[in-house]
Amino acid sequence: MKTLTVTAARQNLGAWLKRVLRGEDVGVMIDGEIVALRPVKVYSEDYAEHEYGVTGEQLDRAVASISKELDADRKAGRLKPFTRKLKRG
């Protein structure tokens, strides 16, 4: 991991962030501790509305309905455990 002072990181922050996006480990030292720079995925709270056109209330109803159906299937023994490994994209 490349470790920088706050001053060094600030002077060329854009370049350091690009290196992080390319997979390099970069940390910034502050108060005796290292804070790692990492890319993060941002999820919108209204994702379902934008992606599927449903309101929060509709989503809550769908979750309740699906949960009820799953509980009934579980009690009736219609669900089987998944024992294989998932393939990553």
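Just so you know, we're using this note's numbering here: the sequence shown kicks off at 40 and counts up by one.
Just so it is clear, CB atoms sit at the ideal spot from N, CA and C, and this is done for glycine as well.
(request) Apply the 10 Å Cβ neighbour rule to VAL79 and answer buried if 16 or more other Cβ atoms are within range, or exposed otherwise. (result) Sequence index remark: in the sequence shown, residue 79 carries index 40 (1-based). VAL79 should be labelled exposed.
(message) Restricting to Cα atoms, I'd like to know which of ASP112, LYS41 and GLY71 is closest to GLY62.
(response) Position 23 of the sequence shown, counted from the start, is the residue given in the question as residue 62. Of the candidates ASP112, LYS41 and GLY71, the one whose C-alpha sits nearest the C-alpha of GLY62 is LYS41.
(request) Mind reading off the beta-carbon distance from VAL45 to ILE69? Whole number of angstroms is fine, and I expect it under 8 Å. (result) Sequence index remark: in the sequence shown, residue 45 carries index 6 (1-based). Sequence index remark: in the sequence shown, residue 69 carries index 30 (1-based). The pair is a contact, with the Cβ atoms about 6 Å apart (cut-off 8 Å).
(request) Drop a sphere of 10 angstroms on the beta-carbon of LEU60, count the other beta-carbons inside from all chains shown, and report buried for 16 or more, exposed for fewer. (result) Taking the sequence shown and counting its residues from 1, the one referred to as residue 60 is at position 21. Around the Cβ of LEU60, a 10 Å sphere holds fewer than 16 other Cβ atoms; the residue is exposed.
(message) With the cut-off set at 8 Å, would you say GLY66 and ALA54 are in Cβ contact?
(response) Here residue 66 is taken as the residue at index 27 of the sequence shown, counted from 1. Here residue 54 is taken as the residue at index 15 of the sequence shown, counted from 1. ALA54 sits away from GLY66, with the two beta carbons spaced by 8 Å or more.
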